[in-house]
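A short worksheet on the structure shown next.
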DNA sequence: ACCTGAACACCGTTCAAGT
DNA sequence: ACCTGAACACCGTTCAAGT
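Residue numbers (my numbering), protein chains in the order written: chain A, 12 to 200; chain B, 12 to 200.
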């Protein structure tokens, strides 16, 4: 009765619990009301910490991408970096139920200054010798391929069908290698 | 042959009206109730023609893919076919509001026999000399890349951000070319 | 065969009011 | 500052009943 404890909600707590709920029930059942229930709070309470559900999903997607960057170690060259990053993103998307669908529908949080953001994103590849334009284009290609692939992988019936006719993980790696090799061909020199 | 007393609903009508509603209001507002309203019918009436909303979305996704295949003409070789198909799919996804998100969440309709379906899908590339395994793997790679790319393109804030730092269409084509070239490298001979 | 009316069990979000 | 209670305007889906 009357549970009014000192620790109040934080955005991090909300996101963490949202991931738990996602794992347990799937994206369809990830509602603000259920999430609030898990946090022993009424649904409107969430709106003090978060502007709307889209922002919450955006924060979750941000975490999934962040895990991919964190899983990409120091690389020999930009091709190595892209391969590592593609595999890490693939793993990160697969590590959360409906991770790919979540990222497919999430809007990016806080549109900061585009140029600053761009050079931050390009930084790891720039450090390996790519110009910023190329760094962004190549990374976008790898993300698109990986997100698209993971989308199919996350689609139950589609996955069951494709599993019967190909080795899913091996074919992903082959495709990723093909993409990175192809990007290499376009390099001057 | 036998004349019907009144023109009743058909699945095709429902799908056609769903595309109109999608264009006008977006995926968020594509509800069974609104769709029924547009068809001058009550919502439960739709459930006589369609098992559920997921099936309806599946039929819409099927049409989007079908347009991509229809937009792929006779090709010189399998690389040409993949390039054409990638561009046609890109165009088809972009031609409907939220087309990529729709395909990302739709489940494929009617899981027929996997082997039969597989050879149907592989047919155009098999005719150009690819073995069925390669045909499926290469087509899956192109679809994944294109769907993933279109997903970002359809994401309003993300698109606005990326537009500032790259030429979206040109970079798509470059990535697609890189992917297909890279697949070519893996060909024996 | 095909559709309506009414209902069930939900949603996201707002907002005055409490603490 | 942080949360509740109550409400608004919706959802997808089921099902008995009508035609």
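Glycine included, each C-beta is placed from N, C-alpha and C at the ideal position.
Going by DSSP in three states, residue 145 of chain A sits in which element: helix, strand or coil? Looking up residue 145 of chain A in the first chain gives position 134. Residue 145 of chain A falls in the helix class under three-state DSSP.
Closest to residue 76 of chain A by CA distance: which of A:141, A:118 and A:20 is it? Here residue 76 of chain A is taken as the residue at index 65 of the first chain, counted from 1. Scanning A:141, A:118 and A:20 for the CA closest to the CA of residue 76 of chain A turns up A:118.
So residue 93 of chain A is in the alpha helix (DSSP H); what residue range does that whole segment cover? Here residue 93 of chain A is taken as the residue at index 82 of the first chain, counted from 1. Run containing residue 93 of chain A: 89 to 105, per the alpha helix (DSSP H) assignment.
If you reduce the DSSP assignment to three classes, tell me which class residue 126 of chain B lands in. Within the second chain, numbered from 1, the residue matching residue 126 of chain B stands at position 115. Helix, per DSSP.
Between residue 13 of chain A and residue 52 of chain A, what straight-line distance do the alpha-carbon atoms span, to the nearest angstrom? Position 2 of the first chain, counted from the start, is the residue given in the question as residue 13 of chain A. Position 41 of the first chain, counted from the start, is the residue given in the question as residue 52 of chain A. A caution first: residue 13 of chain A carries a pLDDT of 42, below 50, which makes its placement in the model unreliable, though a value can still be read off. If you take the alpha carbons of residue 13 of chain A and residue 52 of chain A, they lie about 12 Å apart.
If distances are taken between C-alpha atoms only, which option among B:78, B:22, B:89 and B:110 comes closest to residue 137 of chain B? Against the second chain, residue 137 of chain B aligns to sequence position 126. Minimum Cα distance to residue 137 of chain B is reached at B:89.
Pairwise C-alpha distance: residue 96 of chain A and residue 80 of chain B: Residue 80 of chain B sits at position 69 when you count from the first residue of the second chain. Residue 96 of chain A sits at position 85 when you count from the first residue of the first chain. Looking at the two C-alpha atoms, the distance is approximately 32 Å.
Residue 181 of chain B lies in the alpha helix (DSSP H); which residues open and close that run? Your numbering for residue 181 of chain B matches position 170 in the second chain. Taken as a continuous stretch (DSSP letters only), the alpha helix (DSSP H) holding residue 181 of chain B covers 179 to 196.
Selected residue, minimal CA-CA separation from residue 68 of chain B, among B:82, B:55, B:112 and B:84: By one-based count along the second chain, residue 68 of chain B stands at place 57. Ranking B:82, B:55, B:112 and B:84 by CA distance to the CA of residue 68 of chain B puts B:112 first.
Hey, residue 161 of chain A and residue 104 of chain A: beta-carbon distance below 8 Å or not? Stepping through the first chain from its first residue, residue 161 of chain A is reached at position 150. Stepping through the first chain from its first residue, residue 104 of chain A is reached at position 93. Yes; because the gap between Cβ atoms is below 8 Å, this pair is in contact.
So, does the segment 189 to 197 of chain A touch the segment 183 to 197 of chain B, judging by three or more C-beta pairs under 8 Å? In short, these stretches touch, since the Cβ pair count reaches three.
DSSP three-state label for residue 53 of chain A, please. The residue given as residue 53 of chain A occupies position 42 in the first chain. Residue state, collapsed to three classes: coil.
Measure how close the beta-carbons of residue 147 of chain B and residue 176 of chain A come, nearest whole angstrom, since I'm counting them as under 8 Å. Looking up residue 147 of chain B in the second chain gives position 136. Looking up residue 176 of chain A in the first chain gives position 165. Yes, they are in contact, since the Cβ atoms of residue 147 of chain B and residue 176 of chain A sit about 6 Å apart, within 8 Å.
Contacts that residue 62 of chain A makes with chain B (C-beta to C-beta distance below 8 Å): Locating residue 62 of chain A in the first chain gives position 51, where the first residue counts as 1. Near residue 62 of chain A there are no residues of chain B at all, since even the closest Cβ is about 14 Å away, more than 8 Å.
Identity of the residue in A:65, A:61, A:37 and A:35 nearest residue 25 of chain A by Cα: Here residue 25 of chain A is taken as the residue at index 14 of the first chain, counted from 1. Nearest C-alpha to residue 25 of chain A: A:61.
Reduced DSSP secondary structure (H/G/I, E/B, other) of residue 63 of chain B: Locating residue 63 of chain B in the second chain gives position 52, counting from the first residue. Residue 63 of chain B: coil per DSSP, three-state reduction.
Between the Cα of residue 110 of chain B and those of A:110, A:116 and A:107, spot the shortest distance and give me the residue it belongs to. Translated into positions along the second chain, residue 110 of chain B becomes position 99. The shortest Cα separation from residue 110 of chain B among A:110, A:116 and A:107 belongs to A:116.
What number of angstroms, rounded off, separates the C-alpha of residue 15 of chain A from the C-alpha of residue 74 of chain A? Counting from 1 along the first chain, the entry for residue 15 of chain A is found at position 4. Counting from 1 along the first chain, the entry for residue 74 of chain A is found at position 63. With a pLDDT of only 45 at residue 15 of chain A, under the threshold of 50, the placement of this residue in the model should not be trusted; the figure read from the coordinates follows. Taking the straight line from one Cα to the other gives about 30 Å.
Would DSSP call residue 42 of chain B helix, strand or coil? One-based indexing of the second chain puts residue 42 of chain B at position 31. Looking at residue 42 of chain B - three-state DSSP - the assignment turns out to be coil, as it is neither helix nor strand.
Is residue 185 of chain A close to chain B? Criterion is C-beta to C-beta, closer than 8 Å. Here residue 185 of chain A corresponds to residue number 174 of the first chain, with the count starting at 1. Judged by the 8 Å Cβ criterion, residue 185 of chain A is in contact with chain B.
Using Cβ-Cβ distances below 7 Å, what residues of the segment 70 to 81 of chain B are close to chain A? Going along the segment 70 to 81 of chain B in chain order, one finds no residue with a Cβ nearer than 7 Å to chain A.
Within the same chain, show all residues whose beta-carbon is closer than 7 Å to that of residue 114 of chain A, passing over the 5 residues directly before and after it, in chain order. For the purposes of this step, residue 114 of chain A is taken as the residue at position 103 of the first chain. Non-local C-beta neighbours of residue 114 of chain A in its own chain, meaning closer than 7 Å and more than five positions away in sequence, comprise 72, 75, 104 and 158, ordered along the chain.
Residue 125 of chain B vs residue 172 of chain A beta-carbon contact at 8 Å: In the second chain, counting from the first residue as 1, residue 125 of chain B sits at position 114. In the first chain, counting from the first residue as 1, residue 172 of chain A sits at position 161. Cβ atoms of residue 125 of chain B and residue 172 of chain A: closer than 8 Å.
Residue 150 of chain A: buried (16+ other C-beta within 10 angstroms of its C-beta) or exposed? The residue labelled residue 150 of chain A in the question sits at position 139 within the first chain. Residue 150 of chain A is buried by the Cβ-count criterion.
Whole-Å CB distance - residue 57 of chain A paired with residue 28 of chain A, under 8 Å assumed: As a first step, residue 57 of chain A is located in the first chain; it is residue number 46 there, counting from the start. As a first step, residue 28 of chain A is located in the first chain; it is residue number 17 there, counting from the start. Not a contact, Cβ separation roughly 10 Å.
I need the straight-line Cα distance from residue 134 of chain A to residue 127 of chain B, nearest angstrom please. Here the question's residue 134 of chain A lines up with position 123 in the first chain. Here the question's residue 127 of chain B lines up with position 116 in the second chain. So the two alpha carbons sit approximately 47 Å from each other.
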